[in-house]
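Single-structure report; data block below.
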Amino acid sequence: MCGIVGYVGARDCSDVLVSALTKLEYRGYDSAGIAVFDEDNNIKTVKTKGKLKDLVEKLEREGKPDGHVGIGHTRWATHGEPSDVNSHPHSGARVTIVHNGIIENYIELKEFLISKGRTFLSDTDTEVVAQLLDYKYNGNPLETIDDVMAELRGSFALGIMFKDFPDRIYAVRRESPLIVGVADGECFIASDVTAILQYTRKYYLLDHDEIATLSGDGVQFVDEHLDPIEKELKTADWDMEAAEKGGYPHFMIKEINEQPDAVKTTIIPRIKDGLPCFEECGITLEKIKDFKNITIVACGSAMHAGMVGKYVIEDLARVPVNVDIASEFRYRNPIVGEGDLVIIISQSGETADSLAALRLAKKKGAATLAIVNAKGSSIAREADMLIYTLAGPEIAVASTKAYITQLAVVYLFAFELALAKEKVSAAECKRLVSALMRMPEAIKYVIDNCEEKCKYISTKLLTADSLLYIGRRLDYALSMEGSLKLKEVSYIHSESYAAGELKHGTISLIEDCMPVIAVATQTDIIPKTISNIVEVKSRGAKVILVCTDACARELKEGVADYVIELPHTEELLMPITAVVPLQLLAYYTSVNRGNDPDKPRNLAKSVTVE
Ligand code: F6R
Numbered sequence: 001m002c003g004i005v006g007y008v009g010a011r012d013c014s015d016v017l018v019s020a021l022t023k024l025e026y027r028g029y030d031s032a033g034i035a036v037f038d039e040d041n042n043i044k045t046v047k048t049k050g051k052l053k054d055l056v057e058k059l060e061r062e063g064k065p066d067g068h069v070g071i072g073h074t075r076w077a078t079h080g081e082p083s084d085v086n087s088h089p090h091s092g093a094r095v096t097i098v099h100n101g102i103i104e105n106y107i108e109l110k111e112f113l114i115s116k117g118r119t120f121l122s123d124t125d126t127e128v129v130a131q132l133l134d135y136k137y138n139g140n141p142l143e144t145i146d147d148v149m150a151e152l153r154g155s156f157a158l159g160i161m162f163k164d165f166p167d168r169i170y171a172v173r174r175e176s177p178l179i180v181g182v183a184d185g186e187c188f189i190a191s192d193v194t195a196i197l198q199y200t201r202k203y204y205l206l207d208h209d210e211i212a213t214l215s216g217d218g219v220q221f222v223d224e225h226l227d228p229i230e231k232e233l234k235t236a237d238w239d240m241e242a243a244e245k246g247g248y249p250h251f252m253i254k255e256i257n258e259q260p261d262a263v264k265t266t267i268i269p270r271i272k273d274g275l276p277c278f279e280e281c282g283i284t285l286e287k288i289k290d291f292k293n294i295t296i297v298a299c300g301s302a303m304h305a306g307m308v309g310k311y312v313i314e315d316l317a318r319v320p321v322n323v324d325i326a327s328e329f330r331y332r333n334p335i336v337g338e339g340d341l342v343i344i345i346s347q348s349g350e351t352a353d354s355l356a357a358l359r360l361a362k363k364k365g366a367a368t369l370a371i372v373n374a375k376g377s378s379i380a381r382e383a384d385m386l387i388y389t390l391a392g393p394e395i396a397v398a399s400t401k402a403y404i405t406q407l408a409v410v411y412l413f414a415f416e417l418a419l420a421k422e423k424v425s426a427a428e429c430k431r432l433v434s435a436l437m438r439m440p441e442a443i444k445y446v447i448d449n450c451e452e453k454c455k456y457i458s459t460k461l462l463t464a465d466s467l468l469y470i471g472r473r474l475d476y477a478l479s480m481e482g483s484l485k486l487k488e489v490s491y492i493h494s495e496s497y498a499a500g501e502l503k504h505g506t507i508s509l510i511e512d513c514m515p516v517i518a519v520a521t522q523t524d525i526i527p528k529t530i531s532n533i534v535e536v537k538s539r540g541a542k543v544i545l546v547c548t549d550a551c552a553r554e555l556k557e558g559v560a561d562y563v564i565e566l567p568h569t570e571e572l573l574m575p576i577t578a579v580v581p582l583q584l585l586a587y588y589t590s591v592n593r594g595n596d597p598d599k600p601r602n603l604a605k606s607v608t609v610e
């Protein structure tokens, strides 16, 4: 997973590339580089291990390439450790490229090229593509690219410069995302539209195996047979401000604060006359009423949103729901087929395993519904039905506002399904919808009232080696998300457990002062969770309890060391507010440990490789 950019136009190309790359650092940040045609039409490449700021320093030290045509890259290493030499761009004698994705057959291609006398500088699969382009180069870039694409297996988005054509760059993709932006007299490529929003909102979505030529004459597209094609020009409705930090120290905390608006923006257009309405997404009561089984497939936080979905859909619509991790689902023989609904949840819409799971579900004849944030992404385009979460761009690697909007959509969809199945009356459905409409306010209340407490409690977690998150039912689904959030940004080990399962082994881990974060928001099972809390507390755990205000009022002295109280809302909807303190605890623990919560080590935002 990497970010790629390219530019052709009158501006200083190095400046444009670096500035666009700053918006893509969420995709990878272990090395960066640019290549620009200089005034003598030579390709000048500057690249370095480290973050983009290290590249900027190097450009200042060594002088930035002066020119108007070039490509750039920010890397998240897959083949070869992060190093100067493995950084992109990579070159053959007459070709320089940047690449996002994975070339699965790069070893056999490399062996072939070595047998032809080629030598390699790096360990990357990308250099193999650069060398192959150079090896096959016949003076016609489009034919050469087409020829090479026929040999590549895997996923790729490529920005390509041919030394003989200093007025242009080429772009092509298969599986990995790539857009082509256009403005007056200039054009761009980028892995994500946020990279170029400062220059233009107009863009084209490049489709699989299409090739774009970007030059002073604008952009031309050809299909895989090299026949010219017309493409639809799109307009991004995300603005620059949404992709900037807006005064917050990190994107993660900015995005936590954006959650009330994100939920409101996501649900309002899907409510009509007080009832859920997904007609604009092609979803009607008639269309969904006959599904007998539902499988939700996703990865990471999106899968945790699916876990909440399982409880809610089963509870309200009485349809059995199976939740599966996409990387597991795709490599077994899942029991889904005609008459079943498979829901894929994904922020980026490009997660390789989730995309593969979607394709498998379709192949098996199941109807598919995508819940996706990134407009025009592969999952959004390929699913039979589509509901966008309208969270806006999520830049921090750790998902917050995208997760909460996934919850909002899952709830509304569950209400709609329950109505379609005649398991709730229209009046009851309206009551649930109106409770959901009050949630943005409740989220804001929790942020305003819990942030300081979470900040303080986080200071008690700093030196912990390991934590447990416990809860039952919906609170368990939420514990999974809380635990992931904490470990990914703080680097403290944590696990989530169904509270009742602790005594079947895991309780032996409890020792003096081990933090246990318990979630208890579901009235009928609060006493059960409290008895699990007592069990860990009596073995020395430090308990942080996230619970409803009603539960807090009835709590006996000394049961928990710290209590975070949540306002009363519809109980089924509690995960929407209860996740907020868990996000804040993770954020402040990360910051207090000196980490960068926006760019956790070893992670990237969009996992477009397996
Ligand atoms: C965690 C996180 C990841 C993603 C996962 C799926 O904070 O963000 O676990 O949820 O990688 O990504 P998407 O939703 O883009 O498919």
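The sequence shown maps to residues 1 to 610 in the numbering used here. Beta carbons: idealized from backbone N, C-alpha and C, even for Gly. Please read all numbers here as calculations on a predicted model, not as lab measurements.
Whole-angstrom distance between residue j and residue i, CA atom to CA atom
| i | j | result |
| --- | --- | --- |
| residue 372 | residue 410 | 11 Å |
| residue 430 | residue 408 | 15 Å |
| residue 528 | residue 503 | 13 Å |
| residue 523 | residue 551 | 8 Å |
| residue 226 | residue 143 | 8 Å |
| residue 204 | residue 394 | 21 Å |
| residue 553 | residue 317 | 33 Å |
| residue 537 | residue 18 | 52 Å |
| residue 368 | residue 412 | 17 Å |
| residue 152 | residue 103 | 7 Å |
| residue 321 | residue 3 | 36 Å |
| residue 545 | residue 193 | 41 Å |
| residue 648 | residue 378 | Nothing can be reported for residue 648, as the shown portion of the chain is limited to 1 through 610. |
| residue 389 | residue 405 | 6 Å |
| residue 567 | residue 582 | 15 Å |
Cβ-heavy atom distance, residue i to ligand 1, below 7 Å
| i | result |
| --- | --- |
| residue 487 | no |
| residue 484 | yes |
| residue 302 | yes |
| residue 323 | no |
| residue 398 | yes |
| residue 620 | The structure shown does not extend to residue 620, since the chain is modelled only from 1 to 610, so the question has no answer here. |
| residue 580 | no |
| residue 193 | no |
| residue 607 | yes |
| residue 629 | Outside the displayed span of the chain (1 to 610) sits residue 629, for which this structure offers no information. |
| residue 614 | What is shown of the chain runs 1 to 610, which leaves residue 614 out entirely. |
| residue 2 | no |
| residue 496 | no |
| residue 479 | no |
| residue 354 | yes |
| residue 45 | no |
| residue 281 | no |
As assigned by DSSP and simplified to three states, the class of residue i
| i | result |
| --- | --- |
| residue 583 | helix |
| residue 180 | strand |
| residue 77 | coil |
| residue 415 | helix |
| residue 491 | coil |
| residue 470 | strand |
| residue 163 | coil |
| residue 334 | coil |
| residue 231 | coil |
| residue 551 | helix |
| residue 340 | strand |
| residue 485 | helix |
| residue 604 | coil |
| residue 589 | helix |
| residue 510 | coil |
| residue 187 | strand |
| residue 257 | helix |
| residue 173 | strand |
| residue 220 | strand |
Element boundaries [alpha helix (DSSP H), containing residue i]
| i | result |
| --- | --- |
| residue 395 | Unbroken run through residue 395: none, as it is neither H nor E. |
| residue 320 | No alpha helix (DSSP H) contains residue 320, which DSSP labels as neither H nor E. |
| residue 149 | 141 to 149 |
Host beta strand (DSSP E) of residue i (start-end)
| i | result |
| --- | --- |
| residue 565 | 562 to 566 |
| residue 515 | 515 to 520 |
| residue 202 | 202 to 205 |
Minimum Cβ-Cβ distance from residue i to chain B less than 8 Å
| i | result |
| --- | --- |
| residue 475 | The chain inventory of the structure shown lacks chain B, comprising one protein chain alone. |
Could you name each continuous beta strand (DSSP E) segment of 3 residues or more that falls completely within the segment 9 to 71, going from the start of the chain to the end?
Listed in chain order, they are 31 to 37 and 43 to 49.
Segments of 4+ residues assigned as alpha helix (DSSP H) that fall wholly inside the segment 420 to 457
426 to 437
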